[in-house]
Structures are given as structure tokens and as C-alpha cells.
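A.B. asks: Oh and the sequence shown: position 42 is 42 in the UniProt record's numbering, straight run, nothing missing.
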Amino acid sequence: MRSFNDSRRGGDAFFDRGTAVAAAALFCILLTGCSGGAPAALDSVAPASISSPVPTPTGMPTDDPEDGGAAAPLPTVSAPLDEPIELDTGVVLAVSALRVITVEAATPGEVSGPAIAVTVTARNDSDAASSVDSAVVSVTTDDGGLGIPTTAGPGSPLSGELAPGASAEGTYVFMLDPADDRGVTVIVSHAAGEPVALFTGRTS
1 MRSFNDSRRG GDAFFDRGTA VAAAALFCIL LTGCSGGAPA ALDSVAPASI
51 SSPVPTPTGM PTDDPEDGGA AAPLPTVSAP LDEPIELDTG VVLAVSALRV
101 ITVEAATPGE VSGPAIAVTV TARNDSDAAS SVDSAVVSVT TDDGGLGIPT
151 TAGPGSPLSG ELAPGASAEG TYVFMLDPAD DRGVTVIVSH AAGEPVALFT
201 GRTS
């Protein structure tokens, strides 16, 4: 027959084993809870906002509207080569001559070859003076070509200020190969920010 002390020692041993098992179980529960909670917290973090260009309807990126974007194109007025164009500013522009020529290189950087000489006349029919110092003339062709400006030949651009009723003339030379019987558009901007004149026809 077991004595009280024997039973107590056995109970103490059982208690010690039970306590150890319970402690181990509690540790596992705590460990599982800690390891399982971290990903949930990461998953709940919202992704960082990424700035990207505003897409156009075709899907191509373009300037953000907040950046201002590109300036609006200038208005244009078209006419045949042999007709003048009167702009709403009161300035009348005309291609008074277009000749096919051959230029000879005279200074380094110039090129010899076929070209066209375009003479532009500007008349001021307004009541205020108008400057043509910043006038720009260019030439494109019907087949996608571009006249190359050259200092060779009889070039003499528009310049000065036109008083009301006054007129001025300037000649611009462009390398163009071939130059004969070519469909061209002469583009004239007599002043920055003003409407642009387009003269269309053929060389001869």
C-alpha cells in the first residue's frame, strides 16, 4: 500500500509533467500566432502611388495637363502661288517670284546644285507699323521633301519695320533636287505669333 508521501511524490511528478506539457502547448500557440500574423499586416499595406504620363486615346503617353502642355498651333491661310494672302492683321503677303536656279558654293559649308529662289513681298495695309525682322520662310514638297535653306545664291531676307501703306521684299534660296516641275508649298510667317501664309503650286 502506497503511503501519502509516495502518492504526493507521484502527484508532484505528474504535476511537473503536466505543467511542462501545458507550457509547451502554450509556447506553440504563441509561436503560431506570431508567425501567422505578420503577412496579414503586410498584405494590408496599400501600394505606393506611381506617377505616370496621362495616356492619350491611342494609348501613347503625352504631357501631364498640370505641366502646361504644348502651345496651340498658329492659324494658317492658304492660296495658290500666284495669289496674295491678306491676313486679319492687315498685312498682305505674296510670292512675287519663284525661280529654278543652280547655285555655286562660295564659302565653306555651302553646297552647289539645283535650287529655287523664292521672293516674298509683304505690304502693311494696317494703321500701325509692323516689323518683318523675324519673318521666316520655308519650303516643303508634295512628296514629303524639304527645301534646304542656303546662303549661296541671291538670298536677301525681309527686314525692317513697315509703316502703314509701306511694303518690303525678300528673297530666300533653298536647295531642292530635283527643282524643275516640283509641287511645292511656300510657308511664310512674317512675325512671331502671327497667322501663317501657305502658298501652293509647282516650280517651272
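Glycine included, C-beta positions come from ideal geometry on N, C-alpha and C.
The structure presented is a predicted model; accordingly, all values stated were derived computationally and were not measured.
As an exercise, report each continuous beta strand (DSSP E) stretch of at least 3 residues that is fully enclosed by the segment 75 to 128, in chain order.
C.D. replies: Listed in chain order, the complete beta strand (DSSP E) runs (minimum 3 residues) inside the segment 75 to 128 are 76 to 80, 91 to 103, 113 to 124.
A.B. asks: Can you tell me whether R202 is buried or exposed? The criterion is at least 16 other CB atoms within 10 Å of its CB, across all chains shown.
C.D. replies: Exposed is the call here.
A.B. asks: Helix, strand or coil for R182 per DSSP?
C.D. replies: Three-state DSSP puts R182 in coil, outside helix and strand.
A.B. asks: G170: buried (16+ other C-beta within 10 angstroms of its C-beta) or exposed?
C.D. replies: The residue is buried, with at least 16 neighbouring Cβ atoms inside 10 Å.
A.B. asks: In angstroms with no decimal places, state the Cα-to-Cα distance between A197 and G90.
C.D. replies: If I take the Cα positions, the gap works out to 13 Å.
A.B. asks: Does V132 come out as helix, strand or coil in the three-state DSSP assignment?
C.D. replies: V132: coil per DSSP, three-state reduction.
A.B. asks: Can you grab the Cα-Cα spacing for the pair R189 / P195, in whole Å?
C.D. replies: The sequence shown places Ser at residue 189, rather than the Arg named in the question. Rounded to whole angstroms, S189 to P195 spans 7 Å at the Cα level.
A.B. asks: So for L176, helix, strand or coil by DSSP?
C.D. replies: If DSSP states are grouped into helix, strand and coil, L176 belongs with coil.
A.B. asks: Report back the beta-carbon spacing between M175 and V111 to the nearest angstrom; my notes put them in contact at under 8 Å.
C.D. replies: That pair is a contact at about 6 Å.
A.B. asks: Relative to the alpha-carbon of G160, which residue among L74, A129, A79 has its alpha-carbon at the smallest distance?
C.D. replies: Here the closest residue by C-alpha is A129.
A.B. asks: Taking 9 Å as the threshold (C-beta atoms), are I101 and A122 in contact?
C.D. replies: No, they are not a contact pair.
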